[in-house]
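**Student:** One structure is given below, represented as structure tokens, and several questions about it will come after.
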Amino acid sequence: MYEDPRDKTTPGLWGRIACAWAVAFAVLHFYWALGGSWGLSVSAGPLAEERPGWFVAVGLWGVGLLCLVGGALGWLLAGPLPRGLAGRVVKALGWCVCAVLLVRGIAVEVLLLTDAAGSGIDVSPEQRLWTLLLWNPWFMVGGLVFGLAARRSGRTESPSSGVA
0 MYEDPRDKTT
10 PGLWGRIACA
20 WAVAFAVLHF
30 YWALGGSWGL
40 SVSAGPLAEE
50 RPGWFVAVGL
60 WGVGLLCLVG
70 GALGWLLAGP
80 LPRGLAGRVV
90 KALGWCVCAV
100 LLVRGIAVEV
110 LLLTDAAGSG
120 IDVSPEQRLW
130 TLLLWNPWFM
140 VGGLVFGLAA
150 RRSGRTESPS
160 SGVA
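Be aware that the sequence shown starts at 0, since it is given in numbering that gives the first Met the number 0, and climbs by one per residue.
Below, the structure written as structure tokens:
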């Protein structure tokens with residue numbers, strides 16, 4: 000496969016960035032799960048104050064663990080991919096994470112900007128602002144980083160391996 004000599008990106012850089020992105024998000028969710036509140040009220044609204052058991056178990060611990068799995072995926076995308084089906088699965092999972100994060104970020108952004116949900120959803124002005132300026136862009140950045148990691152994955156192998 001031809002490599003562009005002008006592409007100076009260190010092989011595996013995007014995978015390491017994807018790993019760091021996911022681990023940072025996991026740490027934030029674990030902080031909230033352990034009782035921390037900074038930033039939670041503007042992202043989860045009333046659930047942040049009520050903290051029902053299902054929300055803590057699934058929305059905080061569960062999402063935190065899922066983010067750690069995403070971190071492991073980013074790490075795998077940073078290195079040489081395994082040959083065969085395993086390598087293709089890792090790359091496909093990278094593209095799937097990219098798509099899910101981009102769709103989530105863009106869809107919620109569009110819904111809030113167009114007020115498509117109308118009065119059917121209770122979103123405070125503060126929640127709306129933080130979601131538009133911080134959370135949705137955070138998801139979009141994560142999606143782009145995982146997409147770049149998936150695109151660049153497998154390019155760290157030696158030319159004789161025959162894997163692209």
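Heads up, the beta-carbon is just placed ideally off N, CA and C, and yes, glycines get one too.
With 16 as the cutoff for other CB atoms within 10 Å, does V26 come out buried or exposed?
**Tutor:** It counts as exposed.
**Student:** Counting only the same chain and skipping the five closest in sequence on each side, list residues whose C-beta sits under 7 Å from that of V144.
**Tutor:** W13, I16, A17, W20.
**Student:** Nearest-angstrom Cα distance between G142 and W94?
**Tutor:** Going from the Cα of G142 to the Cα of W94 covers about 9 Å.
**Student:** Grab me the residues of W129's own chain with a C-beta within less than 6 Å of its C-beta, minus the 5 sequence neighbours each way, in chain order.
**Tutor:** The residues are V41.
**Student:** Can the beta-carbon of C97 be found closer than 8 Å to that of G146?
**Tutor:** Their beta carbons are under 8 Å apart, which means C97 touches G146 by this criterion.
**Student:** For T9, which of G78, F29, W134, W37 has the nearest alpha-carbon?
**Tutor:** When only C-alpha atoms are compared, the closest one is G78.
**Student:** Quick check: L111 and L133, are their CB atoms within less than 8 Å of each other?
**Tutor:** Not in contact: L111 and L133 (Cβ atoms no closer than 8 Å).
**Student:** Could you tell me whether the Cβ atoms of L76 and A149 are closer together than 8 Å?
**Tutor:** In contact: L76 and A149 (Cβ atoms closer than 8 Å).
**Student:** According to the neighbour-count rule (16 or more other Cβ atoms, all chains shown, within 10 Å of its Cβ), is W31 buried or exposed?
**Tutor:** Its Cβ being crowded by 16 or more others within 10 Å, W31 is buried.
**Student:** Can you name the start and end residues of the alpha helix (DSSP H) that A149 belongs to?
**Tutor:** 135 to 151 is the extent of the alpha helix (DSSP H) around A149.
**Student:** Do you know offhand how far P140's Cα is from G52's?
**Tutor:** Sequence check: residue 140 is Val here, not Pro. Approximately 30 Å, taken between the alpha carbons.
**Student:** Under DSSP, the alpha helix (DSSP H) around G83 begins and ends at which residues?
**Tutor:** No alpha helix (DSSP H) holds G83; DSSP gives it neither H nor E.
**Student:** Taking only three categories from DSSP, how would you classify D100?
**Tutor:** The sequence shown places Leu at residue 100, not Asp. It is helical.
**Student:** Give me the Cα-Cα distance between G35 and R82, rounded to the nearest whole angstrom.
**Tutor:** Taking the straight line joining both Cα atoms gives about 43 Å.
**Student:** Just to confirm the assignment, what range does the alpha helix (DSSP H) spanning V57 have?
**Tutor:** Per DSSP, V57 belongs to no alpha helix (DSSP H) and is neither H nor E.
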